[in-house]
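Numbering that gives the first Met the number 0 puts the first residue of the sequence shown at 0, with every later residue one more than the last.
Worksheet: one structure, shown below.
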Amino acid sequence: MRRFAILILLLAILATACGGDEAPEASTDLNVKMSDFAFDPDKVAVPPGAEITITLDNIGSVEHEWVILKDGVQIEDEADLPDDEETLLADFVYWEAEVEAGESGTFTFTAPERGFFQVICAIPGHFAAGMEGRLQVVRPDEG
């Protein structure tokens, strides 16, 4: 019985290590659907320093944002964000775009050099409702 329990534990560890959190292949063209209240996909990857084109399709019933937080900025609660928009943009936001409900928009930005960046919807209540994702910047050969 003990061997069976150890085998189950090892299989669970292997299953966790082998998938789930890997970023998709790095691309310079992104398509993200924004709904009430999620991003699809919630994880994207881009090459460093490249010009990125992103199409945001808001299929939700309210306005949404796709905000890349700066390197080293990670929030766990909306209270972690400053109330002052000038401070928010200067100290927390790398890049952002807004799309009205039922609309789509295509935008461009220059990818950071490397790393993992938290992506959120910064409209009050949306992050708390689950609008969070991740942008991974990797060289194409790193996948």
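Glycine included, C-beta positions come from ideal geometry on N, C-alpha and C.
Through-space distance from residue j to residue i, alpha-carbon basis
{"i": "I58", "j": "F38", "result": "10 angstroms"}
{"i": "E24", "j": "Q135", "result": "10 angstroms"}
{"i": "V31", "j": "I53", "result": "7 angstroms"}
{"i": "A78", "j": "T86", "result": "14 angstroms"}
{"i": "I119", "j": "V45", "result": "17 angstroms"}
Supposed close pair residue i, residue j - CB separation, criterion 8 angstroms
{"i": "F36", "j": "K69", "result": "With a Cβ gap of about 23 angstroms, F36 and K69 do not count as contacting."}
Nearest residue (CA-CA) to residue i, options the options
{"i": "R113", "options": "R138, E85, N30", "result": "R138"}
{"i": "H63", "options": "P40, P47, E97", "result": "E97"}
{"i": "P47", "options": "P40, D41, A78, S26", "result": "S26"}
{"i": "A100", "options": "Y93, K42, D28, I122", "result": "I122"}
{"i": "L29", "options": "D83, G104, E75, Q73", "result": "G104"}
{"i": "R133", "options": "Q73, T109, F106, E102", "result": "Q73"}
{"i": "G71", "options": "M130, P111, A127", "result": "P111"}
Counted within 10 angstroms of its Cβ, other Cβ atoms place residue i as buried (16 or more) or exposed
{"i": "Q181", "result": "Past the boundaries of the shown model lies residue 181; the chain is included only from 0 to 142, so the question cannot be answered."}
{"i": "E95", "result": "buried"}
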